[in-house]
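In UniProt numbering, the protein residues as written are 1 to 142.
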């Protein structure tokens, strides 16, 4: 029985690491963001992003919601796969902070590539939904 429980825990997603219901809910929103970025579905991207989004890239470029959505929906930035590692989550009131490493394969403009960066996401609870209010990427130490 212990082996079965251990196997189930190892196979489960990062949601297992959340400490409470709000953190679990926030991690579901992070998963929605990840899936929207892979699919490039405009509606899904618009739904997860707050109207006042500040989306920072590791190179210093900062985008608003409209630019973030258009860049991914148009395929200019094309995520083929995304894997999130070493994820942490903290909810304080209506604010949630998620940190993780993002490891992805890309196909930007038909050119295959890889991305390995650190991410800090700030989500805000708006009504019943978590919305991405800010995102800052940074280069990982070697």
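Ideal placement from N, C-alpha and C gives every residue a C-beta, glycine not left out. Computed from a predicted structure; not experimentally measured.
By Cβ distance, which residues of its chain are closer than 6 Å to residue i, with the 5 residues on each side in sequence left out?
i          : result
residue 93 : none
Just to check my reading of the structure: residue i and residue j have Cβ atoms closer than 8 Å, yes? What is that Cβ distance to the nearest angstrom?
i           : j          : result
residue 44  : residue 36 : 4 Å
residue 192 : residue 79 : For residue 192 there is no data in the structure shown, the boundaries of the chain being 1 and 142.
According to DSSP, is residue i part of a helix, a strand, or is it coil?
i           : result
residue 86  : strand
residue 121 : strand
residue 54  : strand
residue 32  : helix
residue 24  : helix
residue 61  : coil
Leaving out five residues before and five after residue i in sequence, what residues of the same chain have Cβ atoms less than 7 Å from its Cβ?
i          : result
residue 42 : 69 and 73
residue 91 : 22, 23 and 26
Considering only residues of the same chain and omitting the five flanking positions on each side of residue i, which have a CB-CB separation below 8 Å?
i           : result
residue 139 : 58, 117 and 118
residue 33  : 48, 121 and 132
Would you list the residues sitting across from residue i in a DSSP beta bridge?
i           : result
residue 41  : Answer by DSSP bridge pairing: none, since residue 41 is not bridged.
residue 96  : 91 and 123
residue 129 : 126
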